[in-house]
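Here is the structure we will look at.
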Amino acid sequence: MADRESSIHPYIPKLVDQYERRRVDRREFLRTSTLLGLSAATAYGIVGRIDGSRFVPQARAQETPKKGGILRISIRVPDLSTPPTFSWVYDSISVRQCNDYLTRTGVDNITVPWLLEKWQASEDLKTWTLSLRKDIKWSNGQPLVADHVIWNLNHWLDPNTGSSVLGLFKGFLVEDRDTGTTDADGNPVMATGFWDANAIEKKDDFTIVLNGKSPQMAVPENLFHYPAAILWPEDNGKWGVGSPGTGAFDPEVIEVGKRVVFKPRADYWGDGPYLDELHFIDHGDDPSAQVAALASRQADGMYEASVTQYEVLKQMPHLELYQGVSAQTAVARVHPNKPFDDARVRKALRLAVDTEKLLQLAHLNIGAPGEHHHVAPVHPEYADIGLMKQDIEGAKKLLADAGYPDGIEAEISCKQDPAWELIAVQAMTEMWKQAGINVKINVMPSAAYWDNWTKVPFGFTAWTHRPLGVMVLGLAYRSGVPWNESHWSNPKFDELLSKAEGILDVEDRRQAMVPIEELMNEEGPAVIPLWRGMFTFWDKKVGGFQQHPTSYIFAEQLWVKEA
Amino acid sequence: MMSFVLRRLGQMAFTVIVASFLIFAVSEWTPGSAARKMLGPYALPEQVESLSRELGLDRPVLVRYVEWAGNVLQGDLGYSTLYKQPVAPVFADRLKNTAMLAAIAFAIIVPVSILFGIMAGMREGSLFDRGISVAAILCTSLPEFALGAFLSSIFVIWLGILPGTSTLQDSGGWSVASQLVLPVAVMVLYDAGYVIRMVRASMIEVMLAPYIRTAILKGMSFRQVITRHALRNALIAPFTVILLQINYLITGVVVVEAVFAYPGFGRMMLDAALNKDVALIEAGALVAVGIAVTTQVAGDIGYMLLNPRIRIA
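Those protein sequences? They're chains A and B, same order as listed. Under my numbering, read the first sequence as residues -10 to 552, first letter to last. Under my numbering, read the second sequence as residues 400 to 712, first letter to last.
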């Protein structure tokens, strides 16, 4: 134990002190202390010691789960055969019942070790030591060891795999390198590879060290990226019936476009599972089919309800509404082309909209009014600099100052689904019109939009929830990164962001976010109408369900209240 | 006779070739690439490009078409990019489900429409005729999704005596048979109205024919006139119409299948189209065109057998 004490991250004692003096809240304490390598048990233990709350944080502690019963969940069943290349969150929900992740971001937006017992970050956040739990067995009886995890890490980070995990570790474990050759057009051919041969280092059978090139704060969060389920190496990145897993269920039947049937594992290492059987049923894209399935109790729950289903589902007495805050949103952003090359015009776009009204119109008031700096209240480092209020006169004046006294014309591209996005765009164009910004709407099929999302000069793009605010800003607004869809490039912003990313103290980081958020409000490329509250409806007989910010379903916690 | 059938088969083959090429071309020119659809929004452009190369989507559309057609002629329907498995098994399973739905609906539509059509047509303008006509027009003019939602809100949400979706799995205590009731009901209501009106119109025409008047004048009972003289003649024209319903019932039930989450051919084609799964769309189109042309040829031949004037001419 002595060496463990000594290897504790130097910031942790200060954090405990801050929590005792209530300078950070409970959520923030848990998030940061587990981030720095305290095991979840220890972190929740400290919370319990300080304010007497129970170790198990989840609300499910209220009722004792009962064993038995079958649950049917309405969710699309796409091809599930290659988890590392999953492109949608719902693809991963089947696999995650059977194969665990190294970490888990819970419904409270706190990331805790999962297959890991703990992690430790070096003070400079470049070296991360991952310690595996030693009591985990695959469903084929083999113990989980470091080699298995390393195989998965290598597989994700191999560019030939095509996994989006690669993007998250770029700059940290892998980098683009010039191969020295050029292609037909004379451009240098780049290859992605580990920055150092020792980037992933096996210490012993249960310890892996990640040696990063640059500091990375969000390693635990990134390890819960939805394609990052830990697979049995001999399956070579494939998954299906018969694939060994570490999770609570085994897949028994998989029929693409129809259903998945899961059987519980008797020897699961964690709590649960409580069900006799779990079924995922594909009801297609028609929202009314899902409603009908819930109405006739052919489904006991559903993945993400849409705004068009809300009213009718709310009327059904046997259903319960579950809501959760999230940072899911969509961003109306512009390229820095005329007239949007002028920061005043971009600010006018923001000043002309009323985010509180947009939340009402487009998202049934479920969620929170948007803030244009893309840091949401659910993010730990969110600094409340106040909502930007609608100011039509102010917007007109900015336009006039920028040389457009008669207003401007533009065209925004957006997708037609989910339904709220188009409603939000229509509402915003009406508001912009009042300020003399006449915007035509170009509705595209979703796939066509995603083909061009970084290329359209003015577009409305969905961004999913990410646990940390700096993660989103780094992905979407840093100069030159692949997902910088607005082509925004501001050295001041980059500098401020890098500074914030290196600050562990949340209080301090929140202070560092203030100038970033102000800069985004003043000069940024984005209009953010709302933060979506994610919601869904489940039968009241289901126990243990909670709405996750990313709508993940953890079925090992689910149970049936009456048979 | 033989040459007539051969000529129709030749036309059929030509139609299939043209249709299959048009589908290839259309999916080529609609926005969004198959690779992007497979990889999702977060894939990097290089990943999309490399998958396109892997799938061979970067080659000209004509080359891909010829290659695909060659494979089909050898019995290989290709590989579904959506289901990530060969097209044939996915396809057979879905087609079987839809054929079952179509068979049940057809078995109800035909006797019901002939019965009501004849009864309405034999006394044109009677109260019964008026009632049937109004009901038939009402049903056909309601779109399927509205009919589906209407029936669902009564029998599923209000009364709770039927299941709302038809996944063909024994779920929530609803038998597979009970799951078929609503989709079949929508198809029957939507389709029978049309066929009833066709039968009725044909019956009215026959009832005005001189030989009917002669039969009545020579003292036959009304019943005998209808069964001996009117019925057979009145069914000649609707016969073709009825056969054409097979077309609609198998390849036109996209909406019904989507509304009731029925795992059939129509929903599969919808998903395939939305995801640009060309191999699957093509296989579906081949079957659809095949069914269309076959029923048409069968209709023509049947018409010929029923109507001596055509046979002799």
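Idealized CB from N, CA, C, for every residue including glycine. Bear in mind that the values here come from a model prediction, so they are computed numbers and not experimental data.
The C-beta separation of residue 519 of chain B from residue 540 of chain B comes to about 17 Å, leaving the pair out of contact by the 8 Å criterion.
Counting along the chain, the unbroken beta strand (DSSP E) around residue 239 of chain A starts and ends at 238 to 244.
If you draw a straight line from the Cα of residue 304 of chain A to the Cα of residue 570 of chain B, it comes to about 23 Å.
For residue 277 of chain A, the neighbours in chain B by C-beta distance under 7 Å run, in chain order, 548, 658. Less than 8 Å separates the beta-carbon of residue 84 of chain A from that of residue 228 of chain A. Relative to residue 473 of chain A, the option among A:504, A:66, A:455, A:450 whose CA is nearest is A:450. Beyond the five residues adjoining it in sequence on each side, residue 662 of chain B comes within less than 7 Å, by CB distance, of 493, 496, 566, 567 in the same chain, given in chain order. Around residue 435 of chain A, the same chain offers 404, 405, 406 as residues with beta carbons nearer than 8 Å, after the five sequence neighbours per side are excluded. One finds nothing in chain B with a Cβ atom closer than 9 Å to the Cβ of residue 22 of chain A; even the nearest lies about 30 Å away. Distances from the CA of residue 231 of chain A to each of A:245, A:251, A:212 were compared; the closest alpha carbon is that of A:251. Chain order gives no chain B residues near residue 330 of chain A, where near means a beta carbon separation below 7 Å; the closest approach is about 25 Å. DSSP places residue 79 of chain A in the helix class (H, G or I) of the three-state scheme.
Put simply, the CB of residue 451 of chain B is far from chain A, with every gap to its CB atoms at 8 Å or more. Against residue 702 of chain B, chain A offers no close residue; the least beta-carbon distance is about 38 Å (beta-carbon pairs closer than 8 Å).
Residue 557 of chain B: not part of any beta strand (DSSP E); DSSP gives it neither H nor E. For residue 85 of chain A, there is no enclosing beta strand (DSSP E), as DSSP marks it with neither H nor E. The beta carbons of residue 500 of chain A and residue 96 of chain A sit about 28 Å from each other, so the pair does not count as a contact at 8 Å. For the pair residue 103 of chain A and residue 117 of chain A, the CB atoms are not nearer than the 8 Å cut-off. Contact between residue 312 of chain A and residue 151 of chain A is absent: CB atoms are separated by about 35 Å, not below the 8 Å threshold. Just so you know, the alpha carbons of residue 511 of chain B and residue 542 of chain B end up roughly 20 Å apart.
Its chain contains 36 as the residues whose beta carbon lies nearer than 7 Å to that of residue 15 of chain A, once the 5 sequence neighbours on both sides are disregarded; these appear in chain order. In the DSSP annotation of this structure, the continuous segment of the beta strand (DSSP E) that includes residue 433 of chain A starts and ends at 426 to 433. A distance below 6 Å between beta-carbons, with the five flanking residues on each side excluded, links residue 119 of chain A to the following residues of its chain, in chain order: 105, 108, 197. With contacts defined as CB atoms closer than 8 Å, residue 292 of chain A and residue 353 of chain A fail to qualify as a contacting pair.
Around the beta carbon of residue 417 of chain A, a 10 Å sphere encloses 16 or more other beta carbons of the protein chains shown; the residue is thus reported as buried. Note on the segment 153 to 227 of chain A: whole alpha helix (DSSP H) runs with a minimum of 4 residues are 154 to 158, 208 to 211, in chain order. Classified as exposed, residue 306 of chain A has fewer than 16 neighbouring CB atoms from the shown chains inside 10 Å of its CB.
Around the beta-carbon of residue 527 of chain B, fewer than 16 other beta-carbon atoms lie within 10 Å, marking it exposed.
Measuring C-alpha to C-alpha distances from residue 322 of chain A to each of A:332, A:315, A:316, A:394 identifies A:332 as the nearest. Put simply, the backbone Cα of residue 483 of chain A is about 9 Å away from that of residue 505 of chain A. Nearest neighbour of residue 509 of chain B by Cα position, chosen from B:597, B:676, B:523, B:574, turns out to be B:597. By the Cβ rule, the segment 368 to 386 of chain A counts as touching the segment 413 to 428 of chain A, because three or more pairs are nearer than 8 Å.
For residue 383 of chain A, the uninterrupted alpha helix (DSSP H) segment begins and ends at 381 to 390. The residue from B:705, B:486, B:448, B:471 with its alpha-carbon nearest to that of residue 676 of chain B is B:486. Annotated three-state conformation of residue 531 of chain A is strand, per DSSP. Contact check for residue 689 of chain B against residue 664 of chain B fails: the beta carbons are separated by 8 Å or more.
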